[in-house]
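There are 2 protein chains.
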Amino acid sequence: MLAVVLQVREGALAVLLWERAREPFRRAWALPGGVLVHGETLEESILRHLTAKVDVREVAYLEQLATVSDPDRTPSDREVATAYLGLVPLGIDPSVPADTSWHDVDALPATAFDHRELILAGRDRLRAKLSYSNIGFALAPTTFTLAELREIYVAALGHEVSATNLKRVLLRRGVLESTGRQRAPGPGGGRPAEVFRFRRRSLEITDPFAALRPPG
Amino acid sequence: MLAVVLQVREGALAVLLWERAREPFRRAWALPGGVLVHGETLEESILRHLTAKVDVREVAYLEQLATVSDPDRTPSDREVATAYLGLVPLGIDPSVPADTSWHDVDALPATAFDHRELILAGRDRLRAKLSYSNIGFALAPTTFTLAELREIYVAALGHEVSATNLKRVLLRRGVLESTGRQRAPGPGGGRPAEVFRFRRRSLEITDPFAALRPPG
DNA sequence: ACAAAAGTGTTGTTACTACACCCATGG
DNA sequence: CCATGGGTGTAGTAACAACACTTTTGT
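As they're listed, the protein sequences go chains V and D.
With numbering that gives the first Met the number 0, letter number 165 in the first sequence gets 164, and the count goes up by one each step, no holes.
With numbering that gives the first Met the number 0, letter number 142 in the second sequence gets 141, and the count goes up by one each step, no holes.
Structure (structure tokens):
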């Protein structure tokens, strides 16, 4: 059981890792996880292990990522591990143990086992889903301005995003709605920003037929 | 280890199942599979188990589908199983054991355990990939006319597909190419059909940015 | 007044669907 | 010469990026 927990922090996508104190891979950084015990499902197990590192109520979304099995993936006995992708909204800073910290996904330190591949697979899964679903709800705070949402998308996707077009795309798809409130401008002035929220906070596919849609 | 092996047969999407002779789920239909043994990867294992049911050289594509873990999914001890999706091209009819046969995915018989959900998850994964990748290569014979390819897409997607537009979409994306050959018309006459093939026979994502593409 | 930040209107492009039309063969 | 099946040409449409323009604030 392994968890790839991602969060946008300081304008970059970060993953939660802990530093190994023992061999193998002493001083390398590893994904949180642990063994599956009798009677629990994979989801229950991953949440149980996450509890040791972070307040799991902060995890807004969880999905199965992959199961890895290569006999050489661990130096000792072969271990089969199922990895999950978890997302934490921006703005909360869960307290974590001393050996645990967040690392920019685009500047990973030395990682243990095959964890680097799993982190990158998680990042890629997130990027794909940002394009055709409302999964942004799991990265964004409950309410936000479009400028804030734009920064989240930029960090997660790794390329520029226009706030203008982002707004139109997400409103057209019915993913966002206005709260009716406004955010006061900063010290330099500027028009007050409209405050938005995600209409639903559970996964919905918004663009099911990117191509080859049915007739009608 | 479980395998959801799909093939287009007689105009419908079919899955390979075997009939259980013993309890639990006696007389119900189950996915092929077996246990993972020491030293083999999940992929090696699923191919080994498939060999007992079908000539695995016929499996043109294999990908991991999901890992299931619900403690109640089997009546006895809890079993964790990783399911794979396999695709067999149209036109070949692998010899299978007496207890094994193909079943229309849209008219499944009584199935064992949670295998029905896995079959439907496999079908849905295939449908999604048909829209944004070249995965048709694994369902189609090496060469085919557009009318034949259209029937494969209709069977797999479950809705009508226009041969006219299918051709243009797949040619524009660089997925198909003409072989230069023609197919003689049937007894009722008609213009000879052009024979096509897939340019590549390994998975390629052809529509990576269905939305929110990078600037440029 | 002017800079700064947010939001709107408009245009052009692309990838698609739909449908009319044209082509090549067998009877 | 016409039915049959295959292929092409051409609108029409929806979703998007790009960018100029307008609105609302602070100094």
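Don't be surprised by glycine CBs; every beta carbon is placed ideally from N, CA and C.
Cα-Cα, which of the options is closest to residue i?
i, options, result
"residue 143 of chain V", "V:125, V:124 and V:166", "V:166"
"residue 207 of chain V", "V:137, V:44 and V:133", "V:133"
"residue 62 of chain D", "D:73, D:71 and D:124", "D:124"
"residue 72 of chain V", "D:39, D:96, D:55 and D:103", "D:39"
"residue 122 of chain V", "V:15, V:185 and V:5", "V:5"
"residue 28 of chain V", "V:14, V:191, V:64 and V:176", "V:14"
"residue 89 of chain V", "V:70, V:11, V:182 and V:189", "V:11"
"residue 203 of chain D", "D:92, D:53 and D:130", "D:130"
"residue 191 of chain V", "V:103, V:146 and V:52", "V:146"
"residue 0 of chain V", "V:34, V:26 and V:23", "V:34"
"residue 69 of chain D", "D:189, D:52, D:112 and D:41", "D:112"
"residue 175 of chain V", "V:162, V:156 and V:198", "V:198"
"residue 181 of chain V", "V:173, V:169, V:172 and V:194", "V:194"
"residue 139 of chain D", "D:164, D:16 and D:200", "D:200"
"residue 49 of chain V", "V:64, V:3 and V:65", "V:3"
"residue 21 of chain D", "D:98, D:85, D:60 and D:105", "D:98"
"residue 79 of chain D", "D:32, D:156 and D:196", "D:32"
What does DSSP give as the partner residue(s) for residue i in the beta ladder?
i, result
"residue 143 of chain D", "D:195"
"residue 8 of chain D", "D:11"
"residue 83 of chain V", "V:2 and V:63"
"residue 176 of chain D", "D:196"
"residue 98 of chain V", "According to DSSP, which records beta bridges pairwise, residue 98 of chain V is partnered with nothing at all."
"residue 103 of chain V", "V:13"
"residue 188 of chain V", "V:185"
"residue 110 of chain D", "D:28"
Does any C-beta atom of chain V lie closer than 7 Å to the C-beta of residue i?
i, result
"residue 81 of chain D", "yes"
Name the chain V residues that come within less than 7 Å of residue i, Cβ to Cβ?
i, result
"residue 69 of chain D", "40"
I'd like to know whether the C-beta of residue i is nearer than 7 Å to at least one C-beta of chain D.
i, result
"residue 66 of chain V", "yes"
DSSP on residue i, reduced to helix/strand/coil?
i, result
"residue 43 of chain V", "helix"
"residue 252 of chain D", "Past the boundaries of the shown model lies residue 252 of chain D; chain D is included only from 0 to 215, so the question cannot be answered."
"residue 138 of chain D", "coil"
"residue 158 of chain D", "coil"
"residue 204 of chain D", "strand"
"residue 182 of chain V", "strand"
"residue 75 of chain V", "coil"
"residue 35 of chain D", "coil"
"residue 123 of chain V", "helix"
"residue 132 of chain V", "strand"
"residue 22 of chain V", "coil"
"residue 16 of chain D", "strand"
"residue 58 of chain D", "coil"
"residue 89 of chain V", "coil"
"residue 153 of chain V", "helix"
"residue 168 of chain V", "helix"
Identify the contact partners of residue i in chain V, using a Cβ-Cβ distance below 9 Å as the criterion.
i, result
"residue 63 of chain D", "65 and 66"
Since residue i meets chain D, which of its residues come closer than 9 Å, beta carbon to beta carbon?
i, result
"residue 37 of chain V", "70, 76 and 77"
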